[in-house]
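Numbering (the UniProt record's numbering), first residue to last: 1 to 328.
For every residue, glycine included, the Cβ atom is placed at its ideal position computed from N, Cα and C.
Report on the following structure.
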């Protein structure tokens, strides 16, 4: 069992957080600091869209209809923040060998969030959302290649964040007017678009993260993802049944066990829900040793950097508690 974080962290000091994640978790990751201008996950995704121009409007990011990124000041600023973060990563992780995780918004959440030039969501246009996914895939491929060039000793893992996918599948994403909802997307369609981006990285080292009561695990695995990241405290029984099938098929479970806010539990308390459900499902205890322990979700909502650090520090103790449970 190993540990990692899910990306977002509080505060604005990326240099200090990069030092922390290189020490506190087994799989370091490139921190996302949404408290900074252009430091949130959507801005980071827009930064890698090499062939699409986008601008930041009061309602959020909107495609501008041009293919020249220089036409967007906001996009240039988002790219500058990302490049600064990669410079810090290269400096502080010099000589590091082992796994390193990057996070990027997945194609469905991006399509459900970013607007077309005329103002509706990209989700409304089949061709536009396919083009957006292809550009995102190309940008991800370039980013992975850049990190490997800067840090040749790392094994890059990619986390695709898809918090909006359950709403996309349910037809629950509001239109621009707010008076209706976008048409639901069927399972095969969801798989096809997600697979475009998964394949751009490396399916064996790509995980999909979705903190929902019923994350669409089957969509993630059929798209080729090698791992799924969930908030264990939210999961319903049907979701656990899908997770059990995925785990038995050798999909890596990134189990969100440490809450992001509220009292910090002791390691046994944090591990207990996963151990209990594992036994109830009749899963092989040996498979528990393949779990990656994470916070329940991103830690940007933590009340302070020190609180977030304490939650990251707890992860390895939770691994020890799970290990004892697996041996029992």
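For residue 61, the beta-bridge partners assigned by DSSP are 56.
When only Cα atoms are considered, residue 6 and residue 257 end up about 12 angstroms apart. With 16 or more neighbouring CB atoms inside 10 Å of its own CB, residue 288 falls in the buried class. Our two residues, residue 127 and residue 290, have alpha carbons roughly 39 angstroms apart in a direct line.
Beta-bridge pairing by DSSP links residue 103 to 159. Nearest to residue 135 by alpha-carbon distance, out of 86, 167, 185, 54, is 54. For the pair of segments examined, the segment 236 to 244 was found to touch the segment 211 to 226: the number of CB pairs separated by less than 8 angstroms reaches three.
Residue 322 is classed as buried because its beta carbon has at least 16 other beta carbons within 10 Å across all chains shown. The C-alpha of residue 26 is placed about 13 angstroms away from the C-alpha of residue 154. Note on residue 327: under 16 other CB atoms within 10 angstroms of its CB, so exposed under the neighbour-count rule. If you check the CB distance, residue 115 and residue 164 do not come in under 8 angstroms. C-alpha of residue 33 to C-alpha of residue 107: approximately 21 angstroms in a straight line. In this structure, residue 259 lies near residue 296, with their beta-carbon atoms less than 8 angstroms apart. Look at residue 8 here: in three-state DSSP terms it is strand. Under the three-state reduction of DSSP, residue 207 is assigned to strand. Going by DSSP, residue 257 is part of the beta strand (DSSP E) stretching over 252 to 258.
Assignment of residue 139 by DSSP, reduced to helix, strand and coil, places it in the helix class. Here residue 293 is actually not in contact with residue 18; their C-beta atoms are around 21 angstroms apart, not less than 8 angstroms. Within the DSSP bridge table, the entry for residue 115 names 62, 121 as partners. Taking a C-beta distance under 8 angstroms as the contact criterion, residue 64 and residue 120 do not qualify as a contact pair. Taking C-alpha positions only, residue 113 is separated from residue 61 by approximately 8 angstroms. Non-local beta-carbon contacts of residue 193 in its own chain, meaning distances under 6 angstroms to residues more than five positions away in sequence, involve 107, 133 in chain order. Only residues of its own chain outside the window of five on either side were considered, and among them 32, 33, 81 have a CB closer than 7 angstroms to the CB of residue 39, listed in chain order. By the 16-neighbour rule on beta-carbons within 10 angstroms, residue 181 is exposed. Under the three-pair Cβ rule at 8 angstroms, the segment 301 to 317 counts as touching the segment 258 to 273.
Non-local C-beta neighbours of residue 283 in its own chain, meaning closer than 8 angstroms and more than five positions away in sequence, comprise 244, 247, 248, ordered along the chain. As computed with DSSP, residue 29 is found in a beta bridge with 101.
In the three-state scheme derived from DSSP, where H, G and I count as helix and E and B as strand, residue 221 is classed as helix. Judged by DSSP secondary structure, residue 187 falls within the alpha helix (DSSP H) whose first and last residues are 187 to 200. Here residue 289 carries a coil assignment [DSSP, helix/strand/coil].
Here residue 266 carries a coil assignment [DSSP, helix/strand/coil].
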